[in-house]
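Per the numbering used here, the sequence shown starts with residue 649, numbered consecutively.
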Amino acid sequence: MPTEAMFKNIVDNIYEGVYFVDLERRITYWNRGAERITGYSAAEVVGSSCADNLLVHMDDAGKCLCTAACPLVDVMQLSCRHSSGQVYLHHKEGHRVAVSVSISVISDDNGVPIGAVEMFSEKPAFDQDRQLIADLKREALIDLLTGLPNRRYLQLNLTGSLAEYERHGVGFGLVFADVDHFKQFNDSYGHEVGDRVLRLVGNSMVSCMRAYDMVGRWGGEEFLAIIRFTDEAQFRLVAEKLRLMVAGSFLTWEGRQLAVTITLGATMVRPGDTIDTLVNRADQLMYAGKQAGRNRVHIG
């Protein structure tokens with residue numbers, strides 16, 4: 649007969665994240681997989697409410713699910729006994745992480761709900777991303793601060809995308825993103841916070857990329873995203889999703905929550921474009937977005 653200790657040992661060693669909540673949504677158990685994916689240790693979260701600015705689940709549209717639309721509440725109130733889907737949770741370092749979640753009600757011997765269990769795992773492409781990053785490091789094509797492709801690799805990818813467009817008419821879009829008020833982070837809190845802001849932005853953007861898209865650090869506080877196999881309507885949605893994922897993230901520093909936003913210039917490739925014309929056009933659109941108030945997507 650399995651003992652409680654044996655059960656805990658089994659769940660602790662599951663690769664996926666697993667946590668339990670009671671009817672008040674207080675976290676009662678947090679396994680090692682959850683620690684690995686979120687950066688939060690069990691000591692930091694057990695006893696806290698899952699809505700206490702910890703995981704802060706968001707959906708594709710940037711809507712917070714921890715208030716009116718909490719799936720944990722749904723299963724505990726028996727609106728459904730099981731729920732699944734993809735959400736974006738908040739990592740301890742501030743960025744968003746795309747995860748697949750599966751939630752089930754926990755009932756006592758009489759079938760009365762006493763809590764819920766959530767199992768979550770990183771998006772399937774993540775292991776492939778890790779291998780890509782390892783390959784890029786070997787070829788000096790990685791930005792060491794953010795762990796993203798650097799300018800050199802982005803230029804190589806743009807060269808290939810432009811050639812594919814010229815030969816086969818396969819369109820793509822380019823997003824030029826710049827961190828809003830980045831200098832103020834460095835001046836007010838120091839370069840350590842500035843570095844964390846850059847990692848937050850990069851990781852949040854990566855979290856909502858499709859497997860065949862790419863996001864990298866262009867330089868300074870600037871990022872590029874190459875969105876492939878898209879039309880203008882879909883491109884607009886992807887660019888707005890990038891903005892929402894960053895705006896829905898936050899950095900905690902010395903007990904304070906620091907909001908981070910980006911302004912994005914977005915443009916589709918056009919006949920005769922070069923890397924310079926494409927990047928410069930996206931850059932100018934981003935600048936127009938800054939002039940219009942920041943934290944927005946400017947498409948042209």
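The beta carbon of each residue, even a glycine, is placed where N, CA and C say it ideally should be. In this text, all values refer to a predicted model and were calculated from it rather than measured experimentally.
Alpha-carbon spacing of histidine 829 relative to arginine 800, whole angstroms: Using only the alpha carbons, I get a separation of about 26 angstroms.
Cβ-Cβ distance between glycine 850 and arginine 865 below 8 angstroms: Yes.
Need the endpoints of the beta strand (DSSP E) that isoleucine 826 sits in, please. Contrary to the premise, residue 826 reads as aspartate rather than isoleucine in this sequence. Its beta strand (DSSP E) spans residues 820-827.
Check this for me: beta carbons of glutamate 652 and serine 769, under 8 angstroms apart or not? No, these two residues do not count as a Cβ contact at 8 angstroms.
Under 8 angstroms, with one C-beta from each stretch per pair, do the segment 913-932 and the segment 845-864 reach the 3-pair mark? No, the segment 913-932 does not touch the segment 845-864.
Taking 8 angstroms as the threshold (C-beta atoms), are serine 731 and aspartate 722 in contact? Closer than 8 angstroms, so yes.
Contact with chain C by valine 823, beta-carbon distance below 8 angstroms: The chain inventory of the structure shown lacks chain C, comprising one protein chain alone.
Suppose the cutoff is 8 angstroms on Cβ atoms and the five residues either side in sequence are ignored; what does the same chain contact list for glutamine 776 look like? With a pLDDT of only 49 at glutamine 776, under 50, the local geometry of the prediction cannot be trusted, and the value read off the model is given with reservation. Closer than 8 angstroms at Cβ, skipping near neighbours: Ala859.
Cα separation between valine 694 and alanine 709? So the alpha carbons of these two residues sit roughly 29 angstroms apart.
Mind checking whether the beta-carbon of glutamine 882 lies closer than 7 angstroms to any heavy atom of the ligand HEM? In the structure on display, the ligand HEM does not appear, and there are no ligands present to speak of.
Classification of asparagine 798 by the beta-carbon crowding that lies within 10 angstroms, buried from 16 upward: Note on asparagine 798: 16 or more other CB atoms within 10 angstroms of its CB, so buried under the neighbour-count rule.
With contact counted as at least three CB pairs below 8 angstroms, one residue from each stretch, are the segment 934-948 and the segment 900-920 in contact? Touching, yes, given that three or more Cβ pairs across the two stretches are closer than 8 angstroms.
Checking 8 angstroms against the spacing of the C-beta atoms, do valine 765 and phenylalanine 877 come in under that value? Annotated as distal: valine 765 and phenylalanine 877, with beta-carbon spacing of 8 angstroms or more.
Which same chain residues, not among the five before or five after arginine 674, have their C-beta less than 6 angstroms away from its C-beta? Closer than 6 angstroms at the Cβ level, and outside the excluded window around arginine 674, lie Ser697.
Does the Cβ of glycine 920 have 16 or more other Cβ atoms within 10 Å, making it buried, or fewer, making it exposed? In this structure glycine 920 is exposed. Its beta-carbon is surrounded by fewer than 16 other beta-carbon atoms within 10 angstroms.
Which residues in the same chain as aspartate 756 place their Cβ atom closer than 7 angstroms to its Cβ, once the five residues preceding and following it in sequence are excluded? The beta carbon of aspartate 756 lies closer than 7 angstroms to those of Ile762 in the same chain, with the five residues before and after it left out.
If tyrosine 813 and phenylalanine 824 are in contact, beta carbons under 8 angstroms, what's the gap, nearest whole angstrom? Under the criterion of beta carbons closer than 8 angstroms, tyrosine 813 and phenylalanine 824 do not qualify as touching, at roughly 18 angstroms.
Rounded straight-line distance, which links the Cα of histidine 705 to that of lysine 831: CA-CA distance, lysine 831 to histidine 705, rounds to 29 angstroms.
So within the segment 675-753, which uninterrupted beta strand (DSSP E) runs reach at least 3 residues, ignoring any that extend past its ends? Counting only runs of 3 or more, we get 675-678, 730-738.
Exposed or buried, methionine 954, counting other C-beta atoms within 10 Å across all chains shown (16 or more means buried)? The shown model of the chain, from 649 to 948, leaves out residue 954, and the question about it has no answer.
Kindly indicate the opening and closing residues of the alpha helix (DSSP H) around glutamate 814. Residues 799-816.
For glutamate 870, the nearest candidate out of Met934, Asp879, Gly838 (CA to CA): Distances from the alpha-carbon of glutamate 870 to those of Met934, Asp879, Gly838 put Met934 closest.
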